[in-house]
Every structure is written in structure tokens, then in C-alpha cells.
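Inspection log for the structure reproduced underneath, given as C-alpha cells.
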Amino acid sequence: MEIRPEQLEKWDKEHFWHPFTQMKVYREEENIIFERGEGVYLWDIYGKRYIDAISSLWCNVHGHNHPKLNNALMRQLCKVAHTTTLGSSNVPAILLAKRLSEIAPEGLTKVFYSEDGAEAVEIALKMAYHYWRNKGEERRVFITLSEAYHGDTIGAVSVGGIDLFHGTYRDLLFETIRLPSPYLYCKKEFGELSPTCMADLVMKLQELLRARRDVVAVVLESGIQAAAGMLPYPKGFMREVRELTKRNNVLLIVDEVATGFGRTGTMFYCQQEGITPDFMCLGKGITGGYLPLAATLTTDEVFEAFLGEFGEAKHFYHGHTYTGNNLACSVALANLDLFEEEKTLDRLKPKIELLTERLKEFWELEHVGDIRQLGFMAGIELVRDKERGEPFPYGERTGFKVAKLCWERGVFLRPLGDVMVLMMPLVISEEDISYVLDVLKDSIRKIAKL
Ligand SMILES: *Cc1c(COP(=O)(O)O)cnc(C)c1O
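Counting from -13, one number per residue, gives the positions in the sequence shown under my numbering.
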């Protein structure tokens, strides 16, 4: 039975409560209901085509409906869709754990699965806390950054720093100490991401680590605070943090959920800084954007602190029904195969250069206040007054209105407030990149008429 588009739209509004969505406004508007995809294109229920310029919320890598990913899934589906990994194992989960530890920064040899980025962070937080307990130390505080985003479960919200998302839940959260957001701090105090600013931030961290003996871990996103509006760190910042945490015997949790799987030009951003954290959290691109899967990678050192006789009860009492799901792991393996077979990262290099070149044109636009980029991730910040850096009022939804203009011309975007986010699938062609940028530029020009 074919269901009419109008019927779907009605049921969508009657029954489906959408994430990060003001449903009153959503129900008053026309929305896109996607029906199918191929490559970087998506089609809605009316047959209108869009370029998926945000990789379906930052997770699609090799395009939609990819024959090799589909085949991997179908092969696994004919064997079994899911078997538990609580005390037993399955073939794709084993193979993927081995593969991930091979491509991860040296020393991250252990893989703990979950389903979403927030859980990968949640697990790192619990493991880090538990690690010190098992070592006989009582530590309880995490050091985080202002404007951080690590997902929406309570632990991940505790280490988050975006007041708009997280402020409401303040009373439910555990204690953290926040350092300023590197980008915002450096821009405000030093005018740029300079080495002096970095030294200043590192000093602040050093003082904190000297003052407190109960720090479990420093938690940060890798390379860029993406959800806060694409705010990159100064180059070398993470290496300094790694040095300091090592010297002070504190753990380092790096969240690569957004940056992992090629988004910054290398498989993981940690590799550009040449560091191995104690925990690396992965999600989003891990299955090429196909299925919910996440992973928390850690070291032998952490793993061994949980070893003991059964009766000692030192083990990690944490798991989910679908931990290490067979289908998700098999498509994740095929995702990694594609990176090799199609030389995805080599072919990405000229596209990053093209993006950098073309973004320069946006500086001329009246309402563009800032442009930020890390690899293939970019944000264009819209402001009402460029000279004074004055934002548009929050309720006006300027970014969203610009995105809607792009939808009309077949470019699917979802901004973060008034930051226009570009996070295109890694396989997008140069021609499509140019089209996306042309449409976005024209749409920003139309702000005055909105
Ligand atoms: C998206 C994101 C998360 C949360 O992942 P979910 O799969 O949405 O739970 C965590 N950290 C970062 C850096 C992210 O971008």
C-alpha cells in the first residue's frame, strides 16, 4: 500500500516528536520527509532531489545506498542480525575491534562498543572514574571546556558546556571545572589563535592540575568544538594538553565522534597532533552513516586496571542490549574497506583545498562575520552587523531561513543557530561542492530581503 504524502505529513505532525526541534514551529511549517538516497543525493516523498550537504547530521561518508555497504549488510543479515556480546562474542565485532585498534593512534588497543556518540563518551567517563577506584584512588572531578558538546545523556551533558542545551539540567549534573573555549577566549583576549594565547590556556590548565589532586580526566572534543558552531582549537593545543595530563598523572578523554573517519583530512584528528589519548570516543562516521554504532577505545594500561578474580568485582558493570551489534559492525568493516579501496582520504585533499579557496569568497558578504574550517568541516557565521560583530536576535532564526532558501534549490543544510554548517559526504564531487557553495552564497545574499 502506497501512503499518500499528505497522509505522511499529517501523521508526522500528530505522532512524531523530533529531536532538537521546537514542535510548535515544526507543526506550522512545511518540512522535508526523505524517502530514498543515492550517493550524495536524497529524494523527498514528492521526488524532489537534494544534495546532502550535512552528511545526514555529520555521519555519512561514502554516500547513501552504496552497493558495497548494502552488500555487506545483506550478507550479514542472511547470517544473523543480532547476538549478545555480554560474555559471548560475534564475528564482525571481533574483526572490527581489531581493525579499529590497527588504524587508531598507537596504543589504543581495546575497544568497547555502544550505539551513539553520547554513550561512547558516557562509557569513557565511567571507565576513567572507575579506573582510579580500581587503583585505590578516590577522584571525582572532570576538567572540561566551555562550549563543549559530547551528547545528550546526563553524563555527557555534565561535561558539556553549551548553556542553551545544558543549562536547564544543571541540578542533575556532576561537578566539573571548565576552562574557557579556546577559540572564543583567544579571539576575545588575543584577537587570534596565537601561540601566546595557547600558552596562556595551557598555563590555566597547569594551575588547575596543580591545585586539585582529585581530577579524573580532562575531556575535550578533538580539534574543533563542532556543535558550538565549528570553533577550532589553536594548532598544537591538544599536544600540550596531552603532555600536561601525562605529567600530572591525569587521564585524557578525546571525543572524535564528529571528527573521526576522515572529516578533518586524516582518519582521526588526534593523528594530526601526533597524540594518543587514554580514551578516544568514536561514533557518527563509524558505519559510514548507515547504522547506530559507537566505540570507546582505550589503552592496555586502563584495561588492566579492571582485571581481577571474579569475586573481586573490579570489572566494568556496563553494557547495552545491542552492544557490538552484528549488522552495525559488519557495515563498519565495509566502511573501512571503502576508505582503502577508494583511497577516500587521498581524494579528499583537493576537495579540502577547493573548499578553503571558495570559502574566501564569503568574506565579501555583508552578513558574514566569521568563517571557520578544519579539514572538510566548515562553519560560516552570520551576523547582523559585521563591523560590531552583532548577532541577529535568537528568535529570528536567520540561519534556518537561509537554510530553507538552500532547500528550495536542492541543497539540504541544517545550521547551528546562525552558523551555516558545511559537512559534506567525503565522496562529494568538486562540481557538487561548487554548487553547494554557489547556492549558499546566493542565499546569504538574500538575507536583507528575508
Ligand atoms: C554528535 C556528537 C556527539 C553525540 O553523538 P550522538 O550519536 O548524537 O549521541 C558527541 N560528541 C560530539 C563531538 C558530537 O559531534
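The beta-carbon is built from N, C-alpha and C at its ideal position, and this holds for glycine as well. Predicted model, so just to flag it, every value in this text is computed and none were measured.
Cα-Cα separation, residue i to residue j
i, j, result
"Gln359", "Gly297", "51 Å"
"Arg126", "Ile19", "45 Å"
"Met216", "Thr285", "29 Å"
"Gly385", "Val397", "14 Å"
"Leu(-6)", "Arg35", "18 Å"
"Met224", "Val204", "11 Å"
"Pro166", "Ser144", "16 Å"
"Phe362", "Ala79", "29 Å"
"Val77", "Ile338", "36 Å"
"His48", "His304", "32 Å"
"Leu43", "Ala134", "18 Å"
"Ser420", "Leu345", "10 Å"
"Glu105", "Tyr115", "15 Å"
"Gly269", "Met409", "15 Å"
"Tyr308", "Phe160", "27 Å"
Status (buried if at least 16 other CB within 10 Å, exposed otherwise) for residue i
i, result
"Val26", "buried"
"Gln8", "exposed"
"Arg199", "exposed"
"Glu352", "exposed"
"Val122", "Note on identity: in this sequence residue 122 is Gly, with Val being the wrong assignment. Result: exposed."
"Met60", "exposed"
"Tyr99", "buried"
"His4", "exposed"
"Pro379", "exposed"
"Thr282", "buried"
"Trp(-3)", "exposed"
"Asn51", "exposed"
"Pro336", "exposed"
"Pro218", "buried"
"Cys64", "exposed"
Given residue i as reference, the closest of the options once Cα atoms are compared
i, options, result
"Asn311", "Leu277, Val204, Glu16", "Leu277"
"Val422", "Leu402, Leu391, Gly403", "Leu391"
"Glu207", "Arg119, Glu14, His136, Gly248", "His136"
"Ser180", "Pro220, Glu343, Ala106", "Pro220"
"Leu479", "Val317, Ala114, His304", "Any answer about residue 479 is impossible in this case: the structure gives the chain only from -13 up to 436."
"Glu101", "Phe348, Thr342, Leu402, Val243", "Val243"
"Ile148", "Ala212, Cys267, Ile414, Glu382", "Ala212"
"Arg370", "Pro336, Ile430, Trp393", "Ile430"
"Asp264", "Trp29, Ala110, Ile366, Gly103", "Ala110"
"Thr342", "Glu88, Leu150, Gly251", "Gly251"
"Met253", "Glu394, Ile89, Lys(-1)", "Ile89"
"Leu313", "Leu412, Thr162, Ile272, Leu340", "Ile272"
"Val201", "Ile239, Lys300, His1", "Ile239"
"Asp356", "Gly177, Lys300, Glu328, Leu158", "Gly177"
heavy atom of ligand 2 below 7 Å from residue i C-beta
i, result
"Glu88", "Ligand 2 is not part of this structure, which contains only ligand 1."
Distance cut-off 7 Å: residue i Cβ against heavy atoms of ligand 1
i, result
"Lys270", "yes"
"Val243", "yes"
"His136", "yes"
"Gly403", "no"
"Val107", "yes"
"Gly449", "Residue 449 lies beyond the stretch modelled for the chain, which goes from -13 to 436, so this question has no answer here."
"Gly103", "yes"
"Glu451", "Residue 451 falls outside the range modelled here, since the chain spans only -13 to 436, and no answer is possible."
"Ala213", "yes"
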